[in-house]
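Respectively, the protein sequence lines represent chains A and B.
According to our numbering, the first sequence is numbered sequentially starting from 2.
According to our numbering, the second sequence is numbered sequentially starting from 2.
The beta-carbon is built from N, C-alpha and C at its ideal position, and this holds for glycine as well.
There are 2 protein chains.
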Amino acid sequence: MDIHTDHPRRKSLASRQKIVDAQAAGMLADSALIAHGRGEAFDYLLGEKTIDSARQSQREAVNRLFSAQEPVISMNGNSTILAGKNAVRLAALTGSKLEVNIFYRTEKRMNLLLEKMKFMKDEVMASRPPKRFTVVEWKQLVSQVEILGAHQDSLIPGLEGPRARCCSGGIFQSDVILVPLEDGDRCQALISMSKQVIVVDLNPLSRTSRFATVTIVDEVARAFSTMTDMAVEGKGDPDMDWDNQSVLESALNAIGNSAHRISELDD
Amino acid sequence: MDIHTDHPRRKSLASRQKIVDAQAAGMLADSALIAHGRGEAFDYLLGEKTIDSARQSQREAVNRLFSAQEPVISMNGNSTILAGKNAVRLAALTGSKLEVNIFYRTEKRMNLLLEKMKFMKDEVMASRPPKRFTVVEWKQLVSQVEILGAHQDSLIPGLEGPRARCCSGGIFQSDVILVPLEDGDRCQALISMSKQVIVVDLNPLSRTSRFATVTIVDEVARAFSTMTDMAVEGKGDPDMDWDNQSVLESALNAIGNSAHRISELDD
C-alpha cells in the first residue's frame with residue numbers, strides 16, 4: 002500500500018496494513034482485526050501520541066522488568082506483528098524471556114508466530130547495536146533471549162480451556178510479566194497468582210487496564226519503542242507506591258478532553 | 002458462539018460475531034473487521050445506546066427520505082450484515098431504492114452481498130407486517146423495493162478508481178441518500194453533487210460526520226431499527242434549519258462525559 006510520507010496518520014495506516022497483511026498470511030485470528038480497530042479508535046482520541054502518564058508507566062514497566070527475578074514478556078499475534086523487534090530488544094536489555102501466547106491457539110498460527118519471532122530475533126542480532134553496546138556485546142545479549150511458547154506444560158489457575166495454557170519456564174514462574182493487549186480474565190488470573198502484571202491497553206476502561214499492576218495506555222508499537230529507548234538509558238528503581246489509578250484517570254481525561262475539543266470541527 | 006442472554010454487552014458481541022462470520026464467508030473485505038472494531042470502541046464510549054441527539058437525527062433522516070423525490074439507501078458490506086433487513090423495511094416504508102455499493106469492489110463480494118440482500122428482502126416480505134399494514138399490503142410494498150448495484154453505469158464526479166462507480170438509476174440520480182459507514186472522500190463528492198447526504202457514523206470527528214447533511218452518531222443496527230419504527234409511525238416535515246453541528250457536539254460531549262465518568266473505575 003502506498004501511504005504518502007506526509008500523511009498525518011501515516012504510522013497508524015502503516016500499522017493497519019501490517020495487521021491486514023499478517024491476517025492474510027494466516028498469522029492472526031479474525032478477532033485480531035477487530036481488536037486493532039478498537040485500538041485505532043482509542044488511539045485517535047488520544048491524538049495518536051504517547052501521553053505523559055503513559056510515559057511514566059513505561060518507565061515504571063522498564064524498572065520493574067530490570068528488578069524482576071523472572072521477567073517475562075508475553076507476546077500475542079498483534080503485538081508480535083506491530084512490536085516484535087522492539088520486544089526482542091527490550092527482552093535483551095532487561096534479561097526477560099519472551100513467550101508467544103495467543104488466545105485462540107491453533108498450531109498453525111503458533112508456528113507462524115514463533116517463526117516470525119525467531120526471524121525478528123535474528124534481524125535484531127544483526128542490526129546496529131544501541132549506544133553503549135559493541136556489536137559483539139549486542140549479539141551476545143540478544144542471542145540469550147529465550148523464545149518460549151512451543152511447549153505449553155502449565156496451566157494458569159482459575160482459567161478454563163486453551164487460554165489457561167502457558168510455559169512452566171515462562172509465564173507460569175514469572176514474577177513480573179509484561180502482557181500487551183491482554184484479556185481481562187487472564188489479567189485477573191495472573192494477578193491472583195501474585196505476579197506483577199504490566200499491560201499495554203489503549204482502553205483505560207477495560208478490565209485489563211483496571212486490574213493490572215501497571216497500565217500503559219498507549220499504542221503497542223510506540224510503547225515498545227519508547228520502553229526500548231528507556232532500557233538503553235539504564236535501570237531505575239521501581240516505585241513501590243505506584244498509583245495506577247492516577248494513570249487511568251489521566252488517560253481518561255486525555256480522551257475526554259480530546260472529545261470535547263470541539264474546535265477541531267472547524268477544520 | 003454462545004453468549005449468555007444476560008451478558009451486558011450481548012448485542013455488541015452478537016454483532017461482532019455476525020461480522021466475523023460474514024468475513025469468513027467471503028462477504029467482507031479485511032478492512033471491514035477493522036472498521037467494525039473502531040465502531041465498537043466509539044459505541045462503548047457512547048454507552049452502547051442511542052443518545053438523544055442521534056434519535057433526533059434519525060427522525061430527521063426518516064422525514065427527508067419520505068420527502069425526497071429519489072431517495073436511495075446505499076448499503077455496504079457491514080451495514081448489509083448488521084442492518085440489511087431493517088434497511089429493506091425502511092426502503093419499503095419510505096419508497097427508497099436500495100443500492101449495494103462497496104468500497105473495495107470485487108465481483109464475488111458484490112454477488113454475495115446482492116444475494117444476501119435479496120434473501121433478506123424475501124424474508125421481510127414473509128415476515129409479520131408492521132402495525133397498520135395488512136399482510137397483503139406489506140408484501141406488495143416490500144416487493145416494490147428495488148435492489149440495485151449489479152450494473153454500475155455511472156461515475157461520481159471527483160472520485161478516482163472503482164469507488165466512483167454507482168448506478169445511474171440509484172445513487173447517481175438520488176436527491177436524498179442515506180449512506181451508513183461512508184468514506185470521507187465519497188461523502189464530500191456526494192455533497193458536491195448537491196445531494197442531501199445522511200450518514201450513520203459512530204465517530205463524530207470523522208470527515209464523513211462533519212461533511213454530511215445529517216449525521217447519525219449511532220451503531221448501524223440500532224439506527225436502522227429505530228428509523229424503521231419511526232417510519233412505521235409515519236412521515237414528518239424535514240427541518241430546513243437542521244443544525245448538524247449541534248448533533249456532533251452532543252455526541253462528542255457524550256463521549257467526553259463517558260470518558261470522564263471515572264466512577265466506573267470503582268466497579
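Which runs of the alpha helix (DSSP H) fall wholly inside the stretch 200 to 263 of chain A and span at least 4 residues, in chain order? 208 to 212, 221 to 234 and 245 to 261
Could you tell me whether the Cβ atoms of residue 157(B) and residue 115(B) are closer together than 9 Å? no
Measuring straight from C-alpha to C-alpha, what distance separates residue 27(B) and residue 78(B)? 10 Å
Considering only the alpha carbon of each residue, which of 247(B), 204(B) and 210(B) lies closest to residue 43(B)? 204(B)
Report back the beta-carbon spacing between residue 138(B) and residue 39(A) to the nearest angstrom; my notes put them in contact at under 8 Å. Not a contact, Cβ separation roughly 43 Å.
Of the residues 229(A), 256(A) and 260(A), which one's Cα is nearest the Cα of residue 61(A)? 229(A)
Cα-Cα, which of 134(A), 64(A) and 15(A) is closest to residue 84(A)? 15(A)
Contacting positions in the stretch 12 to 34 of chain A - beta carbon closer than 8 Å to chain B: 17, 20, 21, 24, 25, 31, 32 and 34
Collapsed DSSP secondary structure at residue 14(B) in the structure displayed: helix
Would you call residue 151(A) buried or exposed, if buried means 16 or more other Cβ atoms sit within 10 Å of its Cβ? exposed
Partner residues on chain A for residue 41(B), Cβ-Cβ distance less than 9 Å: 35, 38, 39 and 42
Please classify residue 117(B): is it buried, with 16 or more other beta-carbons within 10 angstroms of its beta-carbon, or exposed? buried
If we cut at 9 Å on Cβ distances, does residue 259(B) have a partner in chain A? At least one chain A Cβ lies under 9 Å of residue 259(B).
Tell me the DSSP bridge mates of residue 181(B)? 201(B)
Would the stretch 64 to 74 of chain A and the stretch 185 to 192 of chain A be scored as touching if the rule is three or more Cβ pairs under 8 Å? no
Tell me whether the stretch 80 to 98 of chain A and the stretch 229 to 239 of chain A touch, counting them as touching only if at least three CB pairs, one residue from each stretch, are closer than 8 Å. yes
Which two residues bound the contiguous alpha helix (DSSP H) that contains residue 49(B)? Where residue 49(B) is concerned, there is no enclosing alpha helix (DSSP H), given that its DSSP letter is neither H nor E.
Using the rule of at least 16 other Cβ atoms within 10 Å of the residue's Cβ for burial, across every protein chain shown, is residue 2(B) buried or exposed? Here the model assigns residue 2(B) a pLDDT of 46, short of 50, so the residue's position is not dependable, and the following value carries that caveat. Exposed.
Who are the Cβ neighbours of residue 70(A) in its own chain at under 7 Å, not counting the five residues just before and after it? 176
Cβ distance (whole Å) where residue 202(B) is taken to contact residue 218(B) below 8 Å: 7 Å
When the Cα atoms are used, what is the spatial distance from residue 129(B) to residue 173(B)? 33 Å
Considering Cα atoms alone, identify which of 102(A), 167(A) and 195(A) is closest to residue 181(A). 102(A) is the residue among 102(A), 167(A) and 195(A) whose C-alpha sits nearest the C-alpha of residue 181(A).
Counted within 10 angstroms of its Cβ, other Cβ atoms place residue 246(B) as buried (16 or more) or exposed: exposed
If we call anything under 9 Å between Cβ atoms a contact, is residue 110(A) one with residue 30(A)? yes
Between the C-alpha atoms of residue 257(A) and residue 47(A), what's the straight-line distance to the nearest angstrom? 9 Å
Going by beta-carbon coordinates alone, are residue 159(B) and residue 189(B) separated by less than 9 Å? In contact: residue 159(B) and residue 189(B) (Cβ atoms closer than 9 Å).
Within the stretch 109 to 181 of chain A, note down every full beta strand (DSSP E) run reaching 3 residues or more, in order along the chain. 177 to 181
Kindly list the residues whose CB is nearer than 8 Å to the CB of residue 82(A), restricted to its own chain and excluding five residues on each side of it in sequence; keep chain order. 19, 20, 23, 28, 29 and 117
Considering only residues of the same chain and omitting the five flanking positions on each side of residue 122(B), which have a CB-CB separation below 7 Å? 89, 143, 146 and 148
Taking only beta-carbon positions, decide if residue 82(B) is within less than 9 Å of chain A. no
Taking the continuous alpha helix (DSSP H) assigned at residue 29(A), which residues delimit it? Taken as a continuous stretch (DSSP letters only), residue 29(A) belongs to no alpha helix (DSSP H), as it is neither H nor E.
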